[in-house]
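Notes to accompany the following structure.
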Amino acid sequence: MGLMPSAWAQQIKPSPTLEIKSIADSLRLEGKQIYDFGIGEMNPELPVPHLLKTAISEAVMGDATHYSPEAGDPELLDAVHADLRLFGLNYSLSEIVVCPGPKDAFFKICLGMLNPSSHRNRLVAFAPTYESYENLPILLTGKPPIVLQTDAHFLPDPNELADLLNQDDTIALIVLNSPNNPTGTVYPPSLLRELAEIVGKHEQVCVLSDEVYRTVVYDNLEHMSIASYLPHQTLLVGGMSKEVSGTGLRLGFIAGPEATMRVMANVEGNTSSCVNLPTQRGYAHFLRKDTDLRVRHQIRDALRVRRDVLTERFNSLVGEAVWKRPSGAFYFFPDMRNYYGRRTPGGHVLDTDAALALYLIENANVVTVPGSKFQRPGYLRFAYAVSFETINVGIQRLAEALNQLC
Ligand SMILES: Cc1ncc(COP(=O)(O)O)c(C=O)c1O
């Protein structure tokens, strides 16, 4: 018998977006021109701001290459503290912990808050839901998340959450994600307030508020954090990946009540030691300069133009998809079920989103992620932080491939 990874570890699925990325990469290696809406990444179309790149290189050249304190470099903690104030949130430095990326922050929160042997160790997520919320609870407790569906506008139903919390005392963590991956939905402040009131009645329940897209909000809407209404029960997650295109730089942070954050700092110190210091110093410098959010809003504006072009293309070319205009993040999530039951030129009947996504890869070189990967079958996710050529030609090709179905 060979090595035996833990039964829980064996249950978790590969990240679907990374899986899709490897399909796109292998097609590219075959020399094909790919229209890739697969992975949620802005690079290379919208690169890391120059200010940040320079500050990171200067930190390397200045030998800032040692360990930082486990909770984070004091310069960065101070800069994150000031930055959170721009969003109306008042955290002290001891209420912030820096981690190697938002996903890692989520992992550390699960490590800290989901005790496998405790009765209260379930996580609730709202579908469509970002992939890791599904996998990490299984890895740590052997239990899948409790998934609640959202409504036709992709918004959680507060009454359903209230009923669940009243009936089920196993719930430890509730994940909220606004602006949302994969739908692009931004939760209205009134809904967040209502959710906060409901969770506030259950003082052992923690909200993990995933706000990695907080600066990417369009149409004069404003990002609001549930932490404004429920500070003592919220762990807020943010980071560099989507605000400044820093997916490969690996820096995220958690902000929350001090006693919990002391535990998080210990978890961080015992697992990652710290986040690489040049990135921390570079980000601190960036945040101190971007106090009017100018650079981050330039990125948002570049994404908004892409959203507009993409939805206009869909409107004129993909008549049978059903969708709503996303108001944040950089994802578009149309309902494609009107194409179910159609036959491809090769004679296959398309009856799942995975079959549709595969048909589009093979026949239009267009890469998308099936909605079932986010627990909402029948939809496709388009990550649109891509070139205008990808949007214009890709949607044209997608429409032509859909028109060939009968
Ligand atoms: C909602 C959400 N949270 C967290 C993450 C994790 O970001 P990273 O993979 O950079 O850690 C992502 C990445 O796509 C995301 O979409």
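So in my numbering, the last spot in the sequence shown is 953, and the numbers never skip.
Cβ atoms here follow ideal geometry from the backbone N, Cα and C, with glycine treated the same way.
Predicted model only: the values in this text are computed from it and were never measured.
Asked, Found
"Exposure of residue 550, with buried meaning 16 or more beta-carbon neighbours within 10 Å", "exposed"
"Best match in 632, 561, 785 for proximity to residue 686 [C-alpha to C-alpha]", "561"
"Close beta carbons around residue 910, own chain, < 7 Å, minus the five adjacent residues each side", "948"
"DSSP state of residue 627 mapped onto helix, strand, coil", "helix"
"DSSP-derived helix/strand/coil call for residue 818", "helix"
"Distance, residue 890 Cα to residue 644 Cα", "52 Å"
"Sequence ranges, beta strand (DSSP E) only - wholly within the region 901-947, length at least 3", "927-930"
"Residue 572 - DSSP class collapsed to helix/strand/coil", "helix"
"N- and C-terminal bounds of the alpha helix (DSSP H) containing residue 659", "649-660"
"Buried or exposed by the 16-neighbour rule on C-beta atoms within 10 Å, applied to residue 814", "buried"
"Distance, residue 700 Cα to residue 871 Cα", "8 Å"
"Burial state of residue 896, where buried means 16 or more other Cβ atoms lie within 10 Å", "exposed"
"Sub-7 Å separation of residue 878 and residue 944 beta-carbons", "no"
"Proximity test, residue 677 beta-carbon vs ligand 1 heavy atom, cut-off 6 Å", "yes"
"Ligand 1 heavy atom lying under 6 Å from the CB of residue 794", "yes"
"For residue 936, the nearest candidate out of 566, 574, 582, 557 (CA to CA)", "582"
"Limits of the alpha helix (DSSP H) - the one that residue 511 falls within", "It is not possible to answer for residue 511, since the shown part of the chain is limited to 548 through 953."
"Three-state class that DSSP yields for residue 643 in the structure shown", "strand"
"Check whether residue 614 and residue 628 have beta carbons under 7 Å apart", "no"
"Among 916, 751, 760, 630, nearest to residue 780 - alpha-carbon criterion", "751"
"Coil, strand or helix - residue 737 by DSSP", "helix"
"Contact set for residue 835: own chain, Cβ-Cβ below 8 Å, skip 5 residues either direction", "626, 629"
"CA nearest to the CA of residue 624, picked from 866, 923, 831, 850", "831"
"Any 3 or more C-beta pairs closer than 8 Å across the region 720-729 and the region 663-679", "yes"
"Beta-carbon proximity of residue 659 to residue 784, cut-off 7 Å", "no"
"Residues that residue 763 bridges to, as DSSP identifies them", "Per DSSP, none; premise fails for residue 763."
"Reduced DSSP category for residue 685 - H, G, I as helix; E, B as strand; rest coil", "helix"
"Neighbourhood of residue 885 by C-beta, 8 Å cutoff - its chain only, sequence neighbours within 5 removed", "867, 868, 869"
"Straight-line gap, residue 862 to residue 569 (C-alpha atoms, nearest Å)", "30 Å"
"With 16 other Cβ atoms within 10 Å as the buried cut-off, status of residue 588", "buried"
"Inter-stretch contact at 8 Å, needing at least 3 Cβ pairs: the region 800-809 / the region 601-612", "no"
"Beta-carbon gap between residue 682 and residue 773 smaller than 7 Å", "no"
"Stretch-stretch touch, CB-based, cutoff 8 Å, three pairs: the region 725-732 with the region 752-763", "yes"
"For residue 745, the three-state DSSP class (helix, strand or coil)", "helix"
"Ligand 1 heavy atom lying under 6 Å from the CB of residue 668", "no"
"Segment limits, beta strand (DSSP E) that includes residue 670", "669-674"
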